[in-house]
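Respectively, the protein sequence lines represent chains W and F.
Here the first sequence is numbered in the numbering used here, starting from 1 and rising by one per residue.
Here the second sequence is numbered in the numbering used here, starting from 166 and rising by one per residue.
Protein chains: 2
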Amino acid sequence: MRLTTKGRYAVTAMLDLALHEGQGPISLADISERQGISLSYLEQLFAKLRRNSLVKSVRGPGGGYQLNHEKQAISVAQVVDAVNESVEATGCGRQGDCQNGETCLTHHLWCDLSNQIHSFLNGISLADLVVRKDVKDVADRQDRRHSSQVFLTATDSLLADKATV
Amino acid sequence: MRLTTKGRYAVTAMLDLALHEGQGPISLADISERQGISLSYLEQLFAKLRRNSLVKSVRGPGGGYQLNHEKQAISVAQVVDAVNESVEATGCGRQGDCQNGETCLTHHLWCDLSNQIHSFLNGISLADLVVRKDVKDVADRQDRRHSSQVFLTATDSLLADKATV
DNA sequence: GTAATAACCTACTTAAATGCTCGGACTAAT
DNA sequence: ATTAGTCCGAGCATTTAAGTAGGTTATTAC
């Protein structure tokens, strides 16, 4: 079992998509900036998310990614799974052949733990996260910062335009 | 978060000690044989278990390891923790400074998950495991095999003794 | 049609951890 | 004195995460 930034990034990015749903395709550059995740790394993660048909893409200018299903139909477990971070706690993948063909002493314990984790993460959808207060707070902060940055760079280019006149 | 054979080995080995409690010190060689874990690797794991005072050791012939506390006072979480396999799912160690100083979008989600896992593993003691049917079954199988092996090697040495006569 | 944008793809790099092995030193019972 | 055991450090092969770099293709806007 393993849960690193890989799975956390994937969930964060998907949640970012869910939060900005209805605003058209969201570019990875935007997500990268808002969530502080390397753009190239995001590309690799979204390749997997796309292969698992959790997102759909639009190429070209104004393009980006969108959720491929309803928010409430995408669970955290699915996202973590899509980027190959199994929350399976057994070493044998539940086969029970952990100790050269036979069941090891603690096999069932890890099975129980796997069930526990999986049902927990399976029970949480992106829609559930979007309405949480702690998520909303962080999202608001990020959006303010992001839009003000957009404003600043827009102002910059206006000034640059003036300068070139 | 990470749970690999390292933590699983540690719990398995501790459970082995719990199962053979009252039989004096248990050598790592015995555990290695019964549980199919490399002896040298066990040594490294038990160094950590000892440093966390989960076991006490007896050196010299007839020596080995014993639980340092009552079976019911040692939880699976403690054992996993002792070998440095944190079941902490956040990247920031609950600090909330995940995204360059500020809280990331999914921080609270991973906190919840950590709580879930921790309370689950914390609620299971070695005593709980010892009485489980699935554990008993495997333990019986291992003990039969182990004692018959001891018998065989004993017979071997008897025969060897006879041969040398 | 040309430039810009953004998805898409492949390959490489760095760092860390796992799961071992090996060799030896210390300690205590026979 | 020998032997059975714990103790300790170094080293090693493999895997993975996480990120870099460099490019190609599709689409829009000018």
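The C-beta atom is built at its ideal place from N, Cα and C for all residues, glycine as well.
For residue i: DSSP bridge partner residues
{"i": "Lys-221(F)", "result": "Gln-231(F)"}
{"i": "Gln-99(W)", "result": "Glu-102(W)"}
{"i": "Ser-240(F)", "result": "Ser-290(F)"}
{"i": "Arg-2(W)", "result": "Arg-167(F)"}
{"i": "Ile-26(W)", "result": "Tyr-65(W)"}
Residue i to residue j span [Cα, whole Å]
{"i": "Glu-253(F)", "j": "Glu-85(W)", "result": "15 angstroms"}
{"i": "Gly-91(W)", "j": "Val-176(F)", "result": "13 angstroms"}
{"i": "Leu-93(W)", "j": "Ser-148(W)", "result": "Looking at the sequence provided, one finds Gly at residue 93(W) rather than Leu. Their Cα atoms are separated by approximately 48 angstroms."}
{"i": "Gly-172(F)", "j": "Leu-180(F)", "result": "12 angstroms"}
{"i": "Gly-288(F)", "j": "Asp-30(W)", "result": "43 angstroms"}
{"i": "Ala-238(F)", "j": "Leu-39(W)", "result": "48 angstroms"}
{"i": "Leu-286(F)", "j": "Ile-26(W)", "result": "40 angstroms"}
{"i": "Asp-308(F)", "j": "Gln-188(F)", "result": "13 angstroms"}
{"i": "Gly-266(F)", "j": "Arg-2(W)", "result": "24 angstroms"}
{"i": "Thr-5(W)", "j": "His-107(W)", "result": "27 angstroms"}
{"i": "Leu-113(W)", "j": "Arg-216(F)", "result": "26 angstroms"}
{"i": "His-20(W)", "j": "Ala-13(W)", "result": "11 angstroms"}
{"i": "Lys-48(W)", "j": "Asp-305(F)", "result": "45 angstroms"}
{"i": "Asn-280(F)", "j": "His-118(W)", "result": "14 angstroms"}
{"i": "Gly-261(F)", "j": "Leu-126(W)", "result": "21 angstroms"}
{"i": "Arg-132(W)", "j": "Val-296(F)", "result": "41 angstroms"}
{"i": "Arg-199(F)", "j": "His-234(F)", "result": "23 angstroms"}
Neighbour-count burial assignment, residue i, 16 or more Cβ in a 10 Å radius
{"i": "Gly-227(F)", "result": "exposed"}
{"i": "Asp-81(W)", "result": "buried"}
{"i": "Ser-53(W)", "result": "exposed"}
{"i": "Lys-71(W)", "result": "buried"}
{"i": "Val-248(F)", "result": "buried"}
{"i": "Leu-182(F)", "result": "buried"}
{"i": "Arg-145(W)", "result": "exposed"}
{"i": "Arg-59(W)", "result": "exposed"}
{"i": "Gln-44(W)", "result": "exposed"}
Distance CB(residue i)-CB(residue j) smaller than 8 angstroms
{"i": "Leu-105(W)", "j": "Val-300(F)", "result": "yes"}
{"i": "Tyr-9(W)", "j": "Ile-37(W)", "result": "yes"}
{"i": "Val-76(W)", "j": "Thr-268(F)", "result": "no"}
{"i": "Leu-42(W)", "j": "Ser-57(W)", "result": "no"}
{"i": "Leu-129(W)", "j": "Leu-294(F)", "result": "no"}
{"i": "Leu-67(W)", "j": "Val-55(W)", "result": "yes"}
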